[in-house]
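Here the structure is laid out as structure tokens; the discussion comes afterwards.
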Amino acid sequence: MEAGIVAQTLLHELGQSAVGVEELGLLRLVRTHKNLKTAAQELGWSYKKAWLVLERVNNLSKEPMVVTYRGGTSKGQTVLTEAGEALLARVEGLSTLFYKMIQRYGNHPTQIGRHFQAFQMKISTRNQFFGKVTAIAEGPVFCNVELTLSGGAKVVASITHGALEDLELTVGKEAYALIKASQVILAEPAEGLKISTRNLFLGKVVEVFEGQVHDEIVLEIEGGNLITASITKSSTQTIGAKPGAKMLAIFEASSVILMIL
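Shown next as structure tokens:
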């Protein structure tokens, strides 16, 4: 069995569907170098790709796996958190057991699959968040489902009664919220600003990835969660979206897709 499949099945057994083989390799290099740019170069990745991978890992994990210091004596360093260190330690520890299983059962997927199952969530949606359902308000046609993210921020999704039943959502159940970057609106905070949407988050711009037509603006909001908005280059200049600037991230509850694993 290939090493990549071994790593993926171990991650699934550990309940880490947010972390795949690529992510695991990046986490190992971050642990070694404490520098995201150096880790990305060793993998042959762009800095942007490495950043996006770590953003996805943190947003989908129950606890942040990495942290980047933006000040103090450790400024610029990207390091694993205790949760990240624990994950790597457990994967490395279980890998020995897994290979013993292969020696016992042979390279037979049916036998191995009785003990471990491989699964990796692959989605193109830019914003992916892990959370727990904390409230459900049922209306005549739609239901508002409140999901509290690992960092404490609350996202509200508007779904049909049928979807609520299909997903078997109840208070306390874990789920994922998906929001396309193109559905996120950015605005400058202004006194007296009135917006009807439930999903409004004050954050600070931490990264700006420039494109030919559109830019991707990454905001850090309450609890350390990151939200990305895709806006035109002219809009970036108009609202002054640059690192350090405070911005509001806004999106409709109908734009939120809920998913369970």
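Going by my numbering, the first residue of the sequence shown is number -1, and it counts up by one from there. Beta carbons: idealized from backbone N, C-alpha and C, even for Gly.
Item to check | Rounded straight-line distance, which links the Cα of residue 88 to that of residue 111 | outcome: Position 113 of the sequence shown holds residue 111. Position 90 of the sequence shown holds residue 88. The predicted position of residue 111 is uncertain, since its pLDDT is 48 and thus under 50; a value taken from the coordinates is nonetheless stated next. Each residue's Cα considered, the two are about 19 Å apart.
Checklist entry - Should residue 160 be labelled buried (16 or more other beta-carbon atoms within 10 Å of its own) or exposed? => result What you label residue 160 is simply residue 162 of the sequence shown in a count that begins at 1. Exposed is the call here.
Checklist entry - Hey, quick one: how far does the beta strand (DSSP E) through residue 153 stretch, first residue to last? => result On the sequence shown, position 155 is the one that residue 153 refers to. Segment 152 to 158, the beta strand (DSSP E) holding residue 153.
Next on the checklist: Let's test the definition: count the other Cβ atoms within 10 Å of the Cβ of residue 164 and tell me whether it reaches 16, buried, or not, exposed.
Outcome noted: In the sequence shown, counting from the first residue as 1, residue 164 sits at position 166. By the beta-carbon neighbour count (other beta carbons within 10 angstroms, threshold 16), residue 164 is exposed.
Next on the checklist: Let me confirm a value: residue 133 is counted as buried when at least 16 other C-beta atoms fall within 10 Å, else exposed. Which label applies?
Outcome noted: Position 135 of the sequence shown, counted from the first residue, corresponds to residue 133. Counting Cβ neighbours within 10 Å, residue 133 comes out exposed, since fewer than 16 surround it.
Item to check | Range of the contiguous alpha helix (DSSP H) that encloses residue 237 | outcome: The residue given as residue 237 occupies position 239 in the sequence shown. 231 to 237 is the span of the alpha helix (DSSP H), which, as asked, contains residue 237.
Checklist entry - Count the other CB atoms within 10 Å of the CB of residue 82; is the residue buried (16 or more) or exposed (fewer)? => result Walking along the sequence shown from the start, residue 82 turns up at place 84. With at least 16 other beta carbons inside 10 angstroms of its own, residue 82 counts as buried.
Item to check | Helix, strand or coil at residue 21 according to DSSP, with G and I counted as helix | outcome: Counting from 1 along the sequence shown, the entry for residue 21 is found at position 23. Three-state result, residue 21: helix.
Item to check | Nearest candidate by alpha-carbon position, reference residue 263, set 57, 184 and 63 | outcome: For residue 263 there is no data in the structure shown, the boundaries of the chain being -1 and 259.
Next on the checklist: Just verifying my parser: in three-state terms, what is the DSSP assignment at residue 202?
Outcome noted: In the sequence shown, residue 202 corresponds to position 204, counting from 1. Strand.
Next on the checklist: Measuring only the C-alpha atoms, how far is residue 60 from residue 33?
Outcome noted: For the purposes of this step, residue 60 is taken as residue 62 along the sequence shown, with counting starting at 1. For the purposes of this step, residue 33 is taken as residue 35 along the sequence shown, with counting starting at 1. One C-alpha to the other measures close to 23 Å.
Checklist entry - Relative to the C-alpha of residue 147, which residue among 215, 229 and 125 is closest? => result Taking the sequence shown and counting its residues from 1, one reaches residue 147 at position 149. Among 215, 229 and 125, the Cα nearest to that of residue 147 belongs to 125.
Next on the checklist: If you reduce the DSSP assignment to three classes, tell me which class residue 243 lands in.
Outcome noted: Locating residue 243 in the sequence shown gives position 245, where the first residue counts as 1. Coil at residue 243, not helix or strand.
Checklist entry - Among 36, 71, 199 and 65, which residue has its Cα nearest to the Cα of residue 251? => result Looking up residue 251 in the sequence shown gives position 253. Nearest option by C-alpha distance: 199.
Checklist entry - Are the C-beta of residue 29 and some C-beta of chain C separated by less than 8 Å? => result The structure shown contains no chain C, having only a single protein chain.
Item to check | Whole-angstrom C-beta distance between residue 229 and residue 260, which should lie under 8 Å | outcome: No answer is possible for residue 260: it lies beyond the span of the chain, which begins at -1 and ends at 259.
Item to check | When 223, 233, 136 and 196 are compared against residue 66, the one with the closest alpha-carbon | outcome: Translated into the one-based positions of the sequence shown, residue 66 becomes position 68. The option with the nearest alpha carbon to residue 66 is 223.
Checklist entry - Under a three-way DSSP split, which group does residue 191 fall into? => result Position 193 of the sequence shown holds residue 191. Residue 191: coil per DSSP, three-state reduction.
Checklist entry - Closest by CA to residue 295, which one among 21, 254 and 27? => result Limits of the chain in this structure are -1 at one end and 259 at the other, which puts residue 295 out of reach.
Item to check | One or two residues paired with residue 66 in a DSSP bridge | outcome: To locate residue 66, count along the sequence shown from 1; it is residue 68. 76, per the DSSP bridge assignment.
Next on the checklist: Does residue 181 pass the burial test, meaning 16 or more other C-beta atoms within 10 Å, or should it be called exposed?
Outcome noted: Within the sequence shown, residue 181 is the residue found at index 183, counting from 1. Burial check for residue 181: the Cβ neighbour count within 10 Å reaches 16 or more, so the residue is buried.
Checklist entry - According to DSSP, is residue 165 helix, strand or coil? => result Taking the sequence shown and counting its residues from 1, the one referred to as residue 165 is at position 167. Secondary structure at residue 165: helix, using DSSP grouped into helix, strand and coil.
Checklist entry - So, are the CB atoms of residue 28 and residue 79 less than 8 Å apart? => result Numbered from its first residue, the sequence shown carries residue 28 at position 30. Numbered from its first residue, the sequence shown carries residue 79 at position 81. Contact flag unset, no.
Checklist entry - Would the beta-carbon of residue 154 fall within 8 Å of that of residue 166? => result Taking the first residue of the sequence shown as position 1, residue 154 is located at position 156. Taking the first residue of the sequence shown as position 1, residue 166 is located at position 168. No.
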